[in-house]
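Reviewing the structure listed below.
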Amino acid sequence: TQESVVNSFNQLRASRAVIAANKVAVDATALAAEGVKQENQVGTRTIIEVLNAEQERLNSEVNLVTARRDEQVAAYSLLASLGAAEAEALGVPVEHYDPTVNAGRVRHLLAEGGDKNAAALPLPVADRATRSLVIGPPKP
């Protein structure tokens, strides 16, 4: 629907803005961590402060990776809402499923009552299927 396309597009735009903000955060925390290391070398910062700065740098890098993942999810959600998230349209190198070919291949199974050599599994017997859903012992 149009609403899902708009929502997906807005999510994609938002995720790209988050990526830009996280790139700035990664640069800032890397610079801060380097500064704390240098201050530690001259004796004005403790090892704990160096480790905390490194942890903040690492957290900002993790946030950037997460934002990039969110961008990919949003992009594929947009493609799905546009109806373009098919393997063939995406150029995925797989054998493409053709429902008409498959229907022709298995249609005789329904008409003839099943083929023991076919890859399709038979449907469960109605009595057995209903008993398996009942809590307690089966009725005689």
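In the working numbering, each number is its position in the sequence shown, counted from 1, plus 2. Where a beta carbon is used, it is the ideal one built from N, C-alpha and C, also for glycine. All figures in this text were calculated on a predicted structure; none of them were measured in a lab.
- With a beta-carbon spacing of about 5 Å, SER83 and SER10 fall inside the 8 Å limit used to define contacts.
- Ranking ALA76, ARG109, ALA87, ALA89 by CA distance to the CA of VAL8 puts ALA76 first.
- Contact between SER62 and ALA27 holds, with the beta-carbon distance rounding to 4 Å and staying under 8 Å.
- If you look at VAL52, you'll find it in the alpha helix (DSSP H) that goes 49-84.
- When the five nearest sequence neighbours on each side are left out, the beta carbons in the same chain lying within less than 6 Å of the beta carbon of GLU56 are those of ALA35, in order along the chain.
- DSSP places THR3 outside both helix and strand once states are collapsed to three, so it counts as coil.
- Within the same chain, and ignoring the five residues on either side of GLU90 in sequence, the residues whose Cβ sits closer than 6 Å to its Cβ are HIS98.
- One alpha carbon belongs to ALA86, the other to LEU33, and they sit about 42 Å apart.
- Listed in chain order, the non-local C-beta contacts of ARG59 below 6 Å within the same chain comprise THR31, ALA32, ALA35, local neighbours out to five positions each way being set aside.
- Looking at the backbone, the Cα of PRO95 and that of SER79 are separated by about 20 Å.
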